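Asks: Submitted below is the structure of interest, expressed as structure tokens.
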Amino acid sequence: MEVDAVIPAIGQESDWACLTPECACTLSDWRTLKVDPVTLQSDDPDIFAGGDAVTGPRTVIEAIAAGKEAAVSIQRFLQGQDLREGRERKWEPVQDVPTEGYDRIPRERMPRLSPEERRGNFNEVQLGFTEEQVRREAERCLNCGICSECYRCVDACLADAVIHEDTPRERELEVGAIVLAPGFEAFDPSIYDTYNYAQHPNVITSMEFERILSASGPTMGHLVRPSDDKEPKKIAWLQCVGSRDIHHCDNGYCSGVCCMYAVKEAVIAKEHAGSDLDTAIFFMDMRTPGKDFDKYYERAKTEKGVRFIRSRVHSIEPIAGTDDLAIQYVTEDGQITEEIFNLVVLSVGLQVSEDTLKLAQKLGVEIGDGRFAATSPFQPVQTSRTGIYVCGVFQSPKDIPLSVMEASAAAAESAVLLAPARDSLTRKPPEPVERDVAAEEPRVGVFVCHCGVNIAGVVDVEAVADYAQTLPGVAHVERNLFTCSQDTQDKMKQVIQEHNLNRVVVAACSPRTHEALFRETIKEAGLNKYLFEMANIRNQGSWVHMNEPEAATEKAKDLVRMAVAKVALQQPLGEMKLGVTKSALVVGGGIAGMTAALTLADQGYPVTLVERKDVLGGHGRKLYSTWDGQPVAPFLDELIKRVEGHPEISVLTHARITDVQGFVGNFHTTLDVGGERKEVDHGVAVIAVGAHSLKPTEYGYGQSDRIFLNLDLDQAIGERDERIVSAQSAVFIQCVGSREPDRPYCSRVCCSHSIENALRLKKLNPDMDVYILYRDIRTFGLRENLYKEARARGVVFIRFDLENKPVVEVASDGTLQVTVKDHVLQRPVVLQPDILTLASAIVMREAEADELAKMFKVPINAEGFFMEAHAKLRPVDFATDGVFLAGLAHYPKPTEECIAQAKAAASRAATVLTKDSITAGGVVAVVNKDLCCGCQGCVQCCPFGAIDFLEQEGKCEVNQALCKGCGTCAATCPSEAITLLGFSHLQLYTQIDEALSA
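Be aware that the sequence shown starts at 539, since it is given in my numbering, and climbs by one per residue.
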């Protein structure tokens, strides 16, 4: 064969001339070096090898990997460490990716030069893909999520949290109790063809919308739609996607949170985009039964302009030529309507994941309705297996406050079970030695936080740090990605010691959430924990000035300058230790109060249970059964028996509190018990005084013995009252006294209670005509099963508006007539029931609540219910330390929630009683008696009763154990005789001077 050129394809082999006779390395039959496959160590211990010299010709990627592994081995070899530990891997083959539901699209063919065009040149034969071909090829991807070892996640993670070589590790733990809190997964709406979620980018889930609103989200908090990054002018929310649906999915329950989070998202969207943003929520029933939720819903309507459209959505269709969407829906009067939106948000429900179900199966925990853990209303956190408890959404759908309550309740149940072994495995860290810095000049360390993009996305953090370095007294400045992370906390302690810092400023987020963490960190570094100040450059900077980065940066500098000036004047503050009286006082002998008392007593703590009536039981004595049909009376009898027979519980009936003195750990309460004075010392108190049903003045109540309240109907059904047994027609009217201007809250239990009684009436007489007149049916969670059953049994539901309430007429012969406007027929419907039941509001006994609030120095809200310290973070705590809250006194709720909250309150109270001592002092007020004029203005304004007037001296004095450091007295004092330690007048005036110096 005659050719113009010959190109030999020469093979490769390693040149082993480098191996000297004294080298112990050996070669394989293939002339490659023999090494350990894991460590790459050769037969000569100090020689390591990898790449083609070991494997023969392989890819560049494999050579790089071998180089990295060899480097790890060499480092360990030099440091005398085990070369193999943690490095043996079990490589799993990639499983086949399911392709069902996908169209098979052939791969794009690489464009090539034709043979004729290749002659006489060395031009590239493969021409490369066009942009259109690349896009078509990329669209073939199934998004299977299989790792391709690209390491992009390692490079992208700002916190260095991705350890690509990490491997699973197994640990064995011996425990006495288990708490299951696996959470939930959001429903995937891809199965709904009519919503176009899988096909249109501008149909998103509520979770995805939350990420868009977040400052750390994909658009850094800027509200734009996915398709074109344009700001939407009209957004719609569709409720009950994946909830209350047994046709497209098996989630027949109400997820309980979707209505509220949709309202919240709509309000926040308006705050992000401006009031001209049109927001609409399409719903069936607006379910906002939580504390203050209904008020938020009403404000969204009247103040924020959020539209609420009661409807059934038929479909979402894209508008040709645009990225907009048309929603077709049917209004409640039967009209078919269409409206166009720029963005549609699907309010997806909560469901239990398959992994959680597998975990439950491994643990032997039974699963109940809706695939949630099976529990009882009387034991809401106890699973079917003793010693295993559950909280959160795995128990049933719920919001954050109730999840937090249940978490504490599960902790309480565990504490009762493990009480005999308390402290047997407890390890206490040694107390750090505090460095005396009183004589030192201020050496301030400033730590400026990026907070991911929460701060750094707006504020020029580097410029703020550079500016902080120029401030007087600043000895060290550094920037951190997340200052609150554990690795940064450890580094902060090292920096304090290395640079001999004696004061610290953290420029980050809110002291409300993180101040305690940073104080503990500098304490562990040997500093007094009060030599610390936070500059809130997130809430007061990047968040409120997100569209003004330059101004936000300048403000951040101002805040840091003010914080440095204040902390430079800060002196170490002392705390004193006080003993703890290891007993509790529980006020209220209902289900919640007795549960709290038993939960504490079962842990070994003495409890005094105070009940103003002559019997225990409270509201529970009037209840017929729980929502799922379990009778209340046997449970209540057993509960009372246990309480009265418990050796650690002292029951005081016919008792009233007359005075409360003291503070957390050391309360002294005076009672009137049947006319006799009794004094009790206790370390904590739980307020569980209950509430009662409103006696309405409307709907003819009191004018006929055939008009009942729901609790009265419970009793009548239980007694088989002739009025009930002979009735052929019954009407229930909902929201009697609730959700009105005087009581703008939902009483939470009324809808379920009325439907329960409607079903009981149907059971007594299946032919009875039963009507429920309602505004919104609020059968949250698994109670939706009641609603479905009622409709299946023929209970008729007629909706009415607040402006068109039903009219009840009582004739002279005692017959009843109820007239209501039907929202579908748009005409009045006249009913003539034999019995009428009013679902009246749950209200507080205001006089009793006011009296207790003053004595325990705890707040009540506008509706008379006691107010917790924080709705989500501390739902059973008061702002007054050592006092806790449970039951209807907090807010209307069903039996199982009362029990869970009572156990939670006992759990929180036990955190005080387990201590031998508590600390007081620190940031508290002190009186300079030389300046005090004895006007007693501070005595009058102190919300905690921490200031006394000393008659003999004519001066005021602060009880530091009672003082909460609110500063009200210091601001009130006309003589500036009161100083709030940590916020002295000099410090505050200096901060103001620094603020004005910009």
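Just so you know, even glycine gets a beta-carbon here, dropped at the ideal spot from N, CA and C. Bear in mind the structure is a predicted one, so any value in this text is a computation, not a measurement.
Pairing CB atoms from the stretch 1502-1514 with CB atoms from the stretch 1461-1469, are three or more of them under 8 Å?
Replies: yes
Asks: So which of Q1141, V1333 and I1075 has the shortest CA-CA distance to E1186?
Replies: For E1186, the closest alpha carbon among the candidates Q1141, V1333 and I1075 is that of Q1141.
Asks: What does a CB cutoff of less than 7 Å around M824 pick up in its chain, not counting 5 residues either side in sequence?
Replies: C797, Y835, F846 and D1314
Asks: Which residue spans inside the stretch 1351-1405 form an unbroken beta strand (DSSP E) run of at least 3?
Replies: 1354-1360, 1365-1369 and 1373-1378
Asks: With DSSP as the reference, identify every bridge partner of Q920, one or two as the case may be.
Replies: Y927
Asks: Can you give me the start and stop residues for the alpha helix (DSSP H) that Y1312 sits inside?
Replies: Not the alpha helix (DSSP H): Y1312 falls in the beta strand (DSSP E), residues D1307 to Y1312.
Asks: From the DSSP output, in three-state form, read off S1188 for me.
Replies: Correct three-state label for S1188: strand.
Asks: Of the residues G1332, N1077 and E638, which one's Cα is nearest the Cα of G1305?
Replies: First, the residue type needs correcting, since residue 1305 is Asp and not Gly in the sequence shown. With respect to the C-alpha of D1305, the residue from G1332, N1077 and E638 having the closest C-alpha is G1332.
Asks: Which residues in the same chain have their Cβ closer than 6 Å to the Cβ of K1359, if we skip the five residues on either side of it in sequence?
Replies: N1342 and P1366
Asks: Determine whether the beta carbon atoms of A1226 and A1424 lie at a separation below 7 Å.
Replies: yes
Asks: Could you spell out the range, first to last residue, of the alpha helix (DSSP H) harbouring Y834?
Replies: Counting along the chain, Y834 sits inside the alpha helix (DSSP H) bounded by residues F831 to T840.
Asks: Locate the beta strand (DSSP E) running through K1115, then write down its first and last residues.
Replies: E1113 to G1117
Asks: P856 and H738 - do their beta-carbons sit closer together than 7 Å?
Replies: Yes.
Asks: Taking the alpha-carbon of C679 as reference, which of V1198, E646, L815 and I784 has the nearest alpha-carbon?
Replies: E646
Asks: Go ahead and label G1492 buried or exposed: buried means 16 or more other beta carbons lie within 10 angstroms of its beta carbon, across all protein chains shown.
Replies: exposed
Asks: Under three-state DSSP, which class holds I479?
Replies: What is shown of the chain runs 539 to 1536, which leaves residue 479 out entirely.
Asks: I need the DSSP call for N789, collapsed to helix, strand or coil.
Replies: Three-state DSSP puts N789 in a strand.
Asks: Is the CB-CB distance between P1371 and V1269 below 7 Å?
Replies: yes
Asks: Where C1511 and C1476 are concerned, what is the direct C-alpha to C-alpha distance, given to the nearest angstrom?
Replies: 6 Å
Asks: Does the structure place the stretch 751-761 close enough to the stretch 854-873 that three or more beta carbon pairs sit under 8 Å?
Replies: no
Asks: Assuming contact is defined by CB atoms lying nearer than 7 Å, are A1046 and T1008 in contact in what I supplied?
Replies: no
Asks: Mind checking C729: buried by the 16 CB within 10 Å criterion, or exposed?
Replies: Checking the displayed sequence, the identity of residue 729 turns out to be Ile instead of Cys. Burial call: exposed.
Asks: Tell me the DSSP secondary structure of S946 in three-state form.
Replies: helix
Asks: With respect to the beta strand (DSSP E) encompassing F1056, which residues constitute its N-terminal and C-terminal limits?
Replies: Segment P1049 to E1062 is the alpha helix (DSSP H) holding F1056; no beta strand (DSSP E) there.
Asks: Give the DSSP bridge partners of I819, in chain order.
Replies: W775 and F846
Asks: Give me the Cα-Cα distance between A811 and K768, rounded to the nearest whole angstrom.
Replies: 12 Å
Asks: Going by beta carbon distance, what residues of the same chain come within less than 7 Å of R1412, once the five residues before and after it are set aside?
Replies: E1406
Asks: Would you call R1329 buried or exposed, if buried means 16 or more other Cβ atoms sit within 10 Å of its Cβ?
Replies: exposed
Asks: Could you check where the alpha helix (DSSP H) with Q1272 kicks off and where it finishes?
Replies: Note, Q1272: premise wrong, no alpha helix (DSSP H); beta strand (DSSP E) at S1267 to V1274.
Asks: With 16 other CB atoms within 10 Å as the buried threshold, where does R707 fall?
Replies: By the Cβ neighbour-count rule, R707 is exposed, with fewer than 16 other Cβ atoms within 10 Å of its own.
Asks: My output table needs one value for L1009: the three-state DSSP class, helix, strand or coil.
Replies: Residue state, collapsed to three classes: coil.
Asks: The alpha helix (DSSP H) that contains F615, what's its start and end?
Replies: V598 to L616
Asks: Could you tell me which residues DSSP pairs with N1018 in its beta bridges?
Replies: C987
Asks: Looking at the structure shown, is L1123 part of a helix, part of a strand, or coil, going by DSSP?
Replies: strand
Asks: For E978, count neighbouring Cβ atoms within 10 angstroms of its own Cβ and tell me buried if that reaches 16, exposed if not.
Replies: exposed
Asks: Beta-carbon separation of G983 and V1044 under 7 Å?
Replies: no
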